[in-house]
Amino acid sequence: MGHHQGAPMPATLRHAFRARAHPARSVPCPHEPCHARAHQACIVRVNGRVMKDLHPARINLWERTVACCPECQVQPDIPCHNDGAPLAGTVHDRRIQEAKEILA
Ligand SMILES: [Zn+2]
Ligand SMILES: [Zn+2]
-14 MGHHQGAPMP ATLRHAFRAR AHPARSVPCP HEPCHARAHQ ACIVRVNGRV
36 MKDLHPARIN LWERTVACCP ECQVQPDIPC HNDGAPLAGT VHDRRIQEAK
86 EILA
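By the working numbering, the letter at position 70 of the sequence shown is numbered 55, and the numbering carries on one by one without gaps.
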């Protein structure tokens, strides 16, 4: 009784992996002049340094790819719009929330 079982190893590993790689890495970066390919890190072109984070435009693109928008009622992959006027390179806040819930 009361023997310590220990936490399952795979869960720990998965958590650590998740914390490191943002799922937005699965899409190419649309940011000028980065254009990192899918599964590659974002790069600061001026000095060639690999960024720790991703360009916000890439995260927006990923959110657009995975989530519907509750605000303007579009399907995944369709850009957000305000009464037909497209939101250039960004998405509605509610879609960002939606994508976060997919992640969780
Ligand atoms: Zn980038
Ligand atoms: Zn929207």
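Beta carbons are placed, not taken as given, at the ideal position from N, Cα and C, and that holds for glycine. Every value quoted in this text rests on a predicted model; they were computed, and no experiment measured them.
Closest by C-alpha distance to G74, out of V29, C14, E83, is C14. Counting along the chain, no alpha helix (DSSP H) covers L72, and no H or E run does either. Just measuring C-alpha positions, the residue of I28, T50, C54 sitting nearest H40 is I28.
Counting other Cβ atoms within 10 Å of its Cβ, A21 reaches 16 or more and is therefore classed as buried.
Secondary structure of I63 (DSSP, three-state): coil. Taken through DSSP and simplified to helix, strand or coil, R34 comes out as strand.
About 5 Å separates the Cβ atoms of A26 and V35, confirming a contact at the 8 Å cut-off. Sequence-distant Cβ neighbours of N45 in its own chain, meaning closer than 6 Å and more than five residues away, are T75, V76. Residue pairing of I28 in beta bridges, as defined by DSSP: V35.
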